[in-house]
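Before any comments, here is the structure.
There are 2 protein chains.
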Amino acid sequence: MAPSDVLIQKLTRHSPLAADDLARVARLTCVLRELVPNEDFIHQGDRPRASAIVVEGFLARYHMLASGKRQYLSLHLPGDWPDAQGLFLEEMDHSVCAIGPAVVCAIPHEELLSLFRERPTIAFAVWRETLIDASIFREAITNNSSRDPVPRLAHLFCEMYFRAKQIGLVKAGVLPFPLNQTQIGEMLGMALVSVNRNLKRLRKYSAVDFKGGQLIVHDWNKLSSIGEFDPTYLHQAVQAER
Amino acid sequence: MAPSDVLIQKLTRHSPLAADDLARVARLTCVLRELVPNEDFIHQGDRPRASAIVVEGFLARYHMLASGKRQYLSLHLPGDWPDAQGLFLEEMDHSVCAIGPAVVCAIPHEELLSLFRERPTIAFAVWRETLIDASIFREAITNNSSRDPVPRLAHLFCEMYFRAKQIGLVKAGVLPFPLNQTQIGEMLGMALVSVNRNLKRLRKYSAVDFKGGQLIVHDWNKLSSIGEFDPTYLHQAVQAER
DNA sequence: CGGACCATTGACCATAGTCAACCGCCGTGG
DNA sequence: CCACGGCGGTTGACTATGGTCAATGGTCCG
């Protein structure tokens, strides 16, 4: 799949765009870059001149505390735009890294900005993406602050399964999920050992299994009920044209 | 201060806007509404046709869990735009309420959207606001998930003090702060009793005091060091024109 | 004066974190 | 071929700490 196709698929999933808008998007400059596992793509403090779209693999945003502790903020699948905020915020307040091996494509900011001036509808579609991003952050605040360990894990799995399914990453109930238990802990604000024990408890419900870098969903209804998962916050309904 | 002044002050703090852009903003329809403490302004599930700007007082966003537990997501001061996402996301994924008494003004979406089409620079300035909003959410994830209780409290106080100071809400080191300890707990993912005990510990450092609905900062350097506060994520540097 | 609300404190309990050991797997290199 | 080391996962034992329950006190207001 061409890099711009990934982006177009993502935008048109909820924002109706005209054919000439799409053609314009497809003509954007797109510099591919391959990342090895754990490679940083951008660093806190950087001032990027381009924004990246995930083409393949998993990316993650994270904060690094003074203590050296890492806090993952979000996970990103193909089509996601993990540093869109660089368009309007000069300095990165967090870093972005690859989780497994990944491919991204970078689009220069000037091109995007002039496209947005020329075609507000495209700007609005990308703006909406950044707002959905924010909605996912809100949910993460609630998940990490209010939910007990088992539903917290379940909710993370629900969200990633739901988002992955939409872009066709799920085959027969199985989603490649290249995080280890330490990273899940750094995502959910839990210690490694707690992740391990609570995964074990979660397994008892036979709704989901997580091992060998794979997430296997046996019973979606059960899993989403354990995780109190309501996909409204992902805002995937098709919007009226604006 | 006129409602639109509050907005203009906020946008021009980091986005240079031309005089005629500002004049255009000042002409927006603006319906004022007064809120009593704890009154909900919008509800999860609503489909707003207008976006609100805080004119006076404190507003907060929150999630409500099935258990009835409340999770506050963000606090908003005059000039903030706590439901800007309603412009592009049809359904509210959270609620917005007043903390103390507050005044908001609502601007119809159609007016904003046609203004944005007409003047992309204004759109970009508002977009930037929504991106800063997202950056604050990221910081909240890290604060609630990674920091111990005392620095967690300190960080919240730092952020609110810093933001309030910028809009002239701080007089002689004192900021009106109408949250009670229960609400601080619902903000930071802590039980009421823990908030109380850790406020006590924090007080021992003589950097800050919180009582009687007021936040009193005695020693900003000490407070920000306890809270590991680095204001970069608030993105308040003036940006180059785009 | 009585009641509501909020802050404060003590006692107790549940649980998440820490420390440490062990296992299984896999890839490397002798 | 096998020995070794590293990594990730698993488990037990212990500890620290945050949550719950409950009681008390202060303040404001009707």
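So the protein lines, in turn, are chains B and A. When you read off a place in the first sequence, starting at 1, and then add 45, the result is the number in the working numbering. When you read off a place in the second sequence, starting at 1, and then add 45, the result is the number in the working numbering. All residues carry an ideal CB built from backbone N, CA and C; glycine is no exception.
Closer than 7 Å at the beta carbon, the chain B residues around residue i
i         : result
Asp193(A) : Correct list: empty, because the minimum Cβ distance to chain B is about 10 Å.
Glu204(A) : Going along chain B, no residue has its Cβ under 7 Å from Glu204(A), so there is no contact; the nearest lies around 13 Å.
Phe103(A) : The premise fails here: Phe103(A) is roughly 18 Å from chain B at the closest Cβ pair, so nothing lies under 7 Å.
Gln228(A) : Under the 7 Å cutoff, chain B gives no residues; its nearest Cβ is about 13 Å from Gln228(A).
Arg72(A)  : Simply none; closest approach about 20 Å.
Where residue i sits in the DSSP three-state scheme
i         : result
Phe274(A) : coil
Ile152(B) : strand
Ser205(A) : Note on identity: in this sequence residue 205(A) is Met, with Ser being the wrong assignment. Helix at Met205(A).
Met235(A) : coil
Ser190(A) : helix
Gln89(A)  : coil
Ala105(A) : strand
Asp254(B) : strand
Val141(A) : strand
Lys114(B) : coil
Ser159(B) : helix
Ser49(A)  : helix
His121(A) : strand
Asp128(A) : coil
Gln281(A) : coil
Arg72(A)  : coil
Arg164(A) : coil
Ala185(A) : helix
His59(B)  : coil
Phe133(B) : coil
Glu174(A) : helix
Asn241(A) : helix
Pro82(A)  : coil
Interface partners of residue i on chain B, CB under 9 Å
i         : result
Ser269(A) : In chain order: nothing, as chain B lies at least about 12 Å away.
Phe274(A) : Within 9 Å Cβ-Cβ: nothing; Phe274(A) doesn't reach chain B, min ~11 Å.
Ala63(A)  : Going along chain B, no residue has its Cβ under 9 Å from Ala63(A), so there is no contact; the nearest lies around 15 Å.
Opposing strand residues paired with residue i [DSSP bridges]
i         : result
Pro221(B) : Gln259(B)
Ile98(A)  : Cys150(A)
Met179(B) : Sequence inspection shows Ala at residue 179(B); the Met mentioned does not correspond to that position. According to DSSP, Ala179(B) bridges with nothing at all.
Lys267(B) : Lys267(B) is not bridged to any residue.
Leu77(B)  : Cys150(B)
Lys216(A) : Val219(A)
Whole-number beta carbon distance between residue j and residue i, since they are thought to touch under 8 Å
i         : j         : result
Ala170(A) : Ser60(A)  : 4 Å
Tyr278(A) : Glu184(A) : 5 Å
Asn243(B) : Val195(B) : 5 Å
Ser180(A) : Asp138(B) : 5 Å
Ala97(A)  : Ala143(A) : Their Cβ separation, rounded to whole angstroms, is 11 Å, which puts Ala97(A) and Ala143(A) out of contact at 8 Å.
Where residue i meets chain B, residues with beta-carbon distance less than 8 Å
i         : result
Pro165(A) : Phe161, Arg162, Pro165, Ala168
Lys114(A) : Ser191
Gly234(A) : Asn189, Ser190, Ser191
Within chain A, partners of residue i - CB distance below 9 Å
i        : result
Ser96(B) : Within chain A, no residue comes near Ser96(B); the closest Cβ sits about 12 Å away, beyond 9 Å.
Per-residue contacts from residue i into chain A (C-beta, under 8 Å)
i         : result
Thr175(B) : Trp172, Thr175, Leu176, Ala179
His263(B) : None at all; the shortest Cβ gap to chain A is about 23 Å.
Glu136(B) : Thr277, His280, Ala282
Gln130(B) : Leu176, Ala179, Ser180
Amino acids of chain A, ordered along the chain, whose beta-carbon sits closer than 7 Å to that of residue i
i         : result
His139(B) : Arg183
Quiz item: Counting pairs of beta carbons, one from the segment 218-236 of chain B and one from the segment 110-125 of chain B, are three or more of them closer than 8 Å?
Solution: As far as the Cβ criterion goes, the segment 218-236 of chain B touches the segment 110-125 of chain B, which means the pair count is three or higher.
Quiz prompt | Meets three-Cβ-pair contact criterion under 8 Å: the segment 81-94 of chain A and the segment 240-259 of chain B | solution = Counting Cβ pairs under 8 Å, fewer than three are found: no touch.
Quiz prompt | Cβ pair count under 8 Å reaching 3, the segment 100-110 of chain B against the segment 130-147 of chain B | solution = yes
Quiz item: Would you call the segment 159-172 of chain B and the segment 120-129 of chain A in contact, with 3 or more CB pairs under 8 Å?
Solution: no
Practice problem: Count the CB pairs spanning the segment 185-197 of chain A and the segment 231-245 of chain A that are closer than 8 Å, and state whether there are at least three. | Solution: yes
Quiz item: Touching or not, the segment 266-280 of chain A and the segment 196-207 of chain A, by the rule of three or more beta carbon pairs under 8 Å?
Solution: yes
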